[in-house]
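Following: one structure in structure tokens, then a few remarks.
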């Protein structure tokens with residue numbers, strides 16, 4: 115709620131009759147629903163506040179995620195949705211242990227570190243080794259094994275904020291591939307600069323998987339200021355020794371699950387729309403932007419459609435489990451329902467709660483009129499049409515790749531990676547005004563597609579789908 | 115180096131001849147020194163970067179502070195100052211232990227906590243008790259003892275940023291007096307909302323002292339988001355139980371010390387000027403803004419005076435020890451030197467490295483021409499004259515109160531309490547351009563007072579001095 119632009123004035127200006135220099139077209143009936151959300155939605159805030167306060171962190175496969183599922187079932191039932199239930203699945207569960215990093219020489223001092231998902235463990239007393247630094251995974255790959263063997267690898271980089279979040283792809287490589295490459299080259303451990311755009315002593319965790327038979331090694335992320343500090347120390351050219359303690363462990367196979375709720379449509383033959391976000395979070399913060407706000411936004415929008423009267427198409431809401439471990443809930447849903455349920459459109463909210471700035475959709479050519487209606491409804495919210503193909507997200511991406519129409523409402527990601535996967539992902543990072551703009555945008559497209567009299571077609575699958 | 119205004123353009127504009135609508139007065143000879151610092155000083159950055167990188171945190175009385183003293187002696191000697199030496203003193207040393215807070219009921223979750231200075235300790239396994247919340251020390255004072263006894267007290271508050279830092283006085287009360295009041299009323303522990311203006315999961319420590327014979331109890335600060343979370347949980351009206359683990363301890367009496375260096379003046383009878391900041395820091399961050407930048411600013415300014423030729427008056431630089439524990443180094447210096455050395459002016463830098471926005475001085479009436487010169491030299495740096503009496507700071511305040519002239523250059527404190535006493539007090543919070551503006555301002559007044567041909571008089575002591 116700090117340092118945030120206001121969206122209160124924007125739609126009023128854009129919708130003002132004074133700007134109508136061409137004969138006005140009759141207002142889209144979805145516009146009133148959109149504007150009611152923009153000016154009055156409290157539900158998305160209530161869900162975000164409630165889930166983050168009454169459950170807090172909810173790491174996949176833990177009892178906290180189970181409490182979150184119970185919370186979700188209760189809330190979705192209270193809201194009047196139908197068929198509210200949990201679809202469970204099992205998963206291997208990794209939990210954090212002790213975490214500490216210390217420069218032993220030449221300048222003794224503590225550094226803030228956190229283990230990456232699936233990190234191997236050090237002994238309880240830690241390990242001590244010389245640090246060897248690289249600027250990228252490519253540089254590490256190119257290094258002779260002998261300068262890596264027996265050492266702690268450090269990969270620095272400099273991710274800058276981008277509105278569309280595209281920095282996360284390239285700058286996420288040290289976290290995703292670094293541990294595997296370092297392990298294969300004989301490193302005893304790896305620490306990477308957090309994949310974050312802030313300058314706070316809060317490290318950013320995230321999943322990584324040891325591939326190609328690489329032996330798991332301890333793998334951590336330093337906070338950005340600590341990574342900069344280590345780089346300055348390395349730059350002085352002396353031998354740098356670090357003691358690293360990371361004692362995470364796998365606790366075995368435990369249940370996770372997706373929470374599913376329906377707003378039943380009047381015409382089952384018209385197909386259903388699935389919207390979702392994920393219920394699980396990393397264990398460092400309370401997962402306000404990742405992704406309590408996502409489940410809140412899609413639920414608040416569907417609830418507005420419900421209150422406006424029964425839609426033609428069923429809207430299915432899914433609060434996915436275990437997204438952070440690689441979209442396990444999304445895969446479980448797809449495997450259980452693809453080919454059985456007639457799904458005609460999907461949409462996922464999993465990029466925080468800042469304002470939607472862009473819409474991308476991959477509606478079939480015969481549905482272009484629906485696309486045009488959606489774009490027109492979103493424009494007064496300041497949302498531009500994008501040229502790309504919609505892909506949904508980690509959880510609903512399988513449907514989009516399989517040829518189901520997808521609508522992506524892209525949130526502004528400029529500050530998303532200041533908080534993402536860090537202890538700083540907490541409720542105070544949510545701006546209620548921007549959250550309402552999200553609900554308004556989601557309400558608009560759901561109102562169009564849920565009630566469209568025409569059929570909603572499929573699109574060509576990506577690479578044959580999943 | 116992020117999100118910071120630039121000062122590069124400001125002095126150029128203010129000094130531009132195009133703005134001279136009255137006949138120009140001859141330029142003050144100190145103006146060239148000032149401008150050279152503004153545009154070219156690297157020394158303050160080098161000292162700040164070096165101390166925070168090569169020593170890091172330096173808690174008073176620990177071996178880290180001793181390493182910092184050695185670093186300081188080496189650096190001040192290299193710079194060409196004379197009489198570089200350590201003036202040691204002993205102090206009781208308190209060090210941090212394990213720290214963890216957890217809500218047990220009704221909504222189990224971890225909170226981020228850190229111990230306040232001189233906090234008592236819980237057993238290693240922590241204590242568990244019901245939480246009782248208050249909005250202020252006054253509210254706690256007014257509460258019946260029976261609702262406090264056996265409980266963990268929580269004090270919430272809402273410090274907002276101020277440019278002059280005046281919020282720290284009133285909003286610091288929960289930290290300073292809260293533990294004593296809670297202890298006297300029978301609380302088993304206290305946690306306060308961090309005295310900070312940020313919204314990050316970094317708690318702010320700081321000193322507190324159990325007074326009036328109050329038994330030490332565990333006393334911690336929650337990060338601001340965690341305090342807000344606890345308040346939301348309390349607001350739901352159910353019994354809130356917390357497990358708190360804080361295991362700090364006193365390690366006995368150990369040496370601290372002040373590092374002293376002189377730029378000898380040509381006229382010992384003219385009296386000396388003492389400038390300083392503090393060398394010690396809290397143990398959570400690397401003390402970049404509190405107070406590596408302070409010692410760096412005063413040292414860089416004195417070095418510029420040295421390079422311009424021997425001044426009339428000696429400038430003594432003091433890098434104080436153990437400021438954070440209550441100005442122990444400042445008291446030691448005053449006790450050792452007051453009444454012996456002829457000190458005519460003091461100035462202290464201990465409020466970060468953001469730009470100086472205001473000057474206050476308490477020069478004697480017969481020195482008003484010097485005051486006018488200083489104010490005129492500072493105006494092109496955007497510095498306004500303040501109406502208050504200069505008080506120096508924690509370390510040089512005893513001299514100001516005793517009637518020595520003092521010059522306060524007040525830094526902009528708007529974001530100071532985002533970082534102060536927290537893990538986030540690191541080098542990346544220092545803006546080199548604003549740091550140079552500080553050095554320029556200090557160089558200006560030192561050039562005036564160190565070389566003034568007139569005598570610099572004393573002022574009436576405050577309450578009889580110390």
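Chains as they are written, first to last, in my numbering: chain S, 115 to 580; chain D, 115 to 580.
By construction, the Cβ of each residue, glycine as well, lies at the ideal position given by its N, Cα and C atoms.
All values derive from a computational prediction rather than experimental measurement.
- Per DSSP, the continuous beta strand (DSSP E) segment holding residue 335(S) begins and ends at 333-336.
- Taking the beta carbon of residue 221(D) as reference, the chain S residues within 8 Å of it are 167, 168, 169 and 170, listed in sequence order.
- Segment contact: the region 420-430 of chain D against the region 562-570 of chain D, three or more CB-CB distances shorter than 8 Å; contact assigned.
- For residue 270(D), the closest Cβ of chain S is not nearer than 7 Å.
- As computed with DSSP, residue 363(S) is found in a beta bridge with 209(S).
- Under DSSP, residue 215(S) forms a beta bridge with 225(S) and 358(S).
- Here residue 548(S) is buried: its Cβ has 16 or more other Cβ atoms, across all protein chains shown, within 10 Å.
- Around the beta carbon of residue 171(S), 16 or more other beta carbons lie within 10 angstroms, which makes this residue buried.
- Beta-bridge annotation (DSSP): residue 457(D) is paired with 386(D).
- Rounded to the nearest whole angstrom, the C-alpha separation of residue 208(S) and residue 364(S) is 4 Å.
- With at least 16 other beta carbons inside 10 angstroms of its own, residue 462(D) counts as buried.
- If you ignore the 5 residues before and after residue 325(S), its C-beta comes within less than 7 Å of the C-beta of 294, all in its own chain and listed in chain order.
- In terms of beta-carbon proximity, residue 346(D) lines the interface with chain S, with at least one pair separated by less than 7 Å.
- Within its own chain, the residues whose Cβ lies closer than 7 Å to the Cβ of residue 210(D), once the five positions on either side in sequence are excluded, are 229, 362 and 397, listed in chain order.
- Counting the other CB atoms within 10 Å of its CB gives residue 272(D) a total below 16, which places it among the exposed residues.
- Any Cβ of chain D closer than 7 Å to the Cβ of residue 376(S) would place that residue at the interface, and such an atom is absent.
- The beta carbon of residue 339(S) falls within 7 Å of a beta carbon belonging to chain D, placing the residue at that interface.
- When Cβ-Cβ separations below 7 Å define contact, residue 214(S) makes no contact with chain D.
- Per DSSP, residue 523(D) is one residue of the beta strand (DSSP E) stretching across 519-525.
- DSSP, reduced to helix, strand and coil, places residue 172(D) outside both helices and strands of the structure shown, so it counts as coil.
- DSSP lists 373(D) and 391(D) as the beta-bridge partner residues of residue 433(D).
- The region 379-392 of chain D and the region 427-443 of chain D touch, with three or more beta-carbon pairs separated by less than 8 Å.
- Beta-bridge partners assigned by DSSP to residue 302(D): none are found.
- It is roughly 16 Å from the alpha-carbon of residue 380(S) to the alpha-carbon of residue 417(S).
- Among the CB atoms of chain S, none fall inside 7 Å of the CB of residue 317(D).
- For the 7 Å CB-CB criterion, residue 375(S) and residue 203(S) do not form a contact.
- Within the same chain, and ignoring the five residues on either side of residue 263(S) in sequence, the residues whose Cβ sits closer than 8 Å to its Cβ are 299, 300 and 301.
- According to the DSSP assignment, residue 189(D) belongs to the alpha helix (DSSP H) that extends over 177-192.
- The criterion of a C-beta distance shorter than 7 Å is not satisfied by residue 560(D) and residue 467(D).
- Flagged as an interface residue toward chain S: residue 538(D), by a C-beta distance shorter than 7 Å.
- When DSSP reads this structure, residue 196(S) sits in a beta bridge with 376(S).
- With a cut-off of 8 Å on Cβ pairs, the region 503-515 of chain S is in contact with the region 448-464 of chain S, counting three or more such pairs.
- The CB of residue 226(S) comes closer than 8 Å to the CB of 537 in chain D, given here in chain order.
- Considering only beta carbons, no part of the region 510-528 of chain D lies closer than 9 Å to chain S.
- Residue pairing from DSSP leaves residue 251(S) without any beta-bridge partner.
- Bounds of the beta strand (DSSP E) holding residue 475(D) are 470-475.
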